[in-house]
Amino acid sequence: MIGFIRGSLAEKGDGYIIVDVNGVGYEIFVPANSRAYLSSEGSEVMVYTAMTVREDDVSLYGFMRKGELDAFRKLITVSGVGAKAAVSVLSAFSLEQLQQAIVFEDVKTLTKANGIGKKTAERIVLELKDKFSTEEGISASDTEESSDRGQILSDGRSEAVSALISLGYTRGEASGALASITDNDLTAEEYIKRALKNLF
34 MIGFIRGSLA EKGDGYIIVD VNGVGYEIFV PANSRAYLSS EGSEVMVYTA MTVREDDVSL
94 YGFMRKGELD AFRKLITVSG VGAKAAVSVL SAFSLEQLQQ AIVFEDVKTL TKANGIGKKT
154 AERIVLELKD KFSTEEGISA SDTEESSDRG QILSDGRSEA VSALISLGYT RGEASGALAS
214 ITDNDLTAEE YIKRALKNLF
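Residue numbers (the numbering used here): 34 to 233.
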């Protein structure tokens, strides 16, 4: 099992990154709001990974926070939720937003993730509510680690990425357009407007 991968960001594509580790390129599928998309090619990145193995495919999924990796593993235990659907959920919400939606049984919010219908959202809530309980919470070390490394995207940027994807842009295009915006703490609408200017 590969616990994490650290190396040079060699390439960014639609839904994936390629990390060069001593001359070997690892293709890793990441959420749309992953900070890896906002990193420039050639910079060092580290992602916590999960490997899925099927008869015809072996894939790596990467996350910037251990808590996101844990959430991914929990999501794929839900009936009808595969790895791609789990990544879609983590693309639509921050870890904290996902936990809140599940704990408060907010099915409607969960259906905002691409490919997640009402029945699937209901199963996620039913099967994971106890595992995402407020008692368990988000570990302090996970929050501190992410904050120290600056690896949590603001809600505005995250929403902007999702909105641009819904407009037909690829994840790579959306994240690339947002990467050039240096201002922080803008609203989603402001990020979208500036990103669209960069895309035209």
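Where is the CB? At the ideal position from N, CA and C, for every residue including glycine. On a predicted model such as this, the values are computed, not experimentally measured, just so you know.
Exercise for the section: Compute the distance between the beta-carbons of Ser191 and Ser127, then report whether it is under 8 Å. Expected result: yes
Quick check: what's the CA-CA separation for Glu177 versus Thr85? Confidence is the limiting factor: at Glu177 the pLDDT is only 39, short of 50, which leaves the residue's position unreliable and the question unanswerable from this model.
Report task. On the DSSP bridge assignment, give the partners of Val78 in chain order. Result -> Gly40
So which of Thr153, Leu131, Gly189 has the shortest CA-CA distance to Lys164? Leu131
| message | Let me confirm a value: Asp218 is counted as buried when at least 16 other C-beta atoms fall within 10 Å, else exposed. Which label applies? | response | exposed
- Query: Excluding five sequence neighbours on each side, which residues of the same chain lie with their C-beta closer than 7 Å to the C-beta of Arg156?
  - Reply: Val111, Ser112, Gly113
| query | CB Phe137 to CB Leu123, shorter than 8 Å? | reply | no
>> Assuming contact is defined by CB atoms lying nearer than 8 Å, are Gly70 and Glu60 in contact in what I supplied?
In response: The residue asked about is misnamed: residue 70 is Tyr in this sequence, not Gly. Their beta carbons are not under 8 Å apart, which means Tyr70 does not touch Glu60 by this criterion.
Just the C-alpha distance for Thr82 and Ile51, rounded to the nearest angstrom, thanks. 13 Å
Taking the alpha-carbon positions, what's the Glu129 to Arg98 distance? 12 Å
Please work out which residues of its chain come closer than 6 Å, Cβ to Cβ, to Gly95, disregarding the five sequence neighbours upstream and downstream, and give them in chain order. Ile61, Val63, Val80, Thr82
Query - First and last residue of the uninterrupted alpha helix (DSSP H) at Tyr224 - result: 221–232
>> Considering only DSSP beta bridges, list what Met84 is partnered with.
In response: Leu93
Simplified DSSP state of Tyr202, which is helix, strand or coil: coil
(message) In the DSSP output, what is Glu49 paired with across the bridge?
(response) Looking at the sequence shown, residue 49 is not Glu but Tyr. Paired residue(s): Gly46, Phe62.
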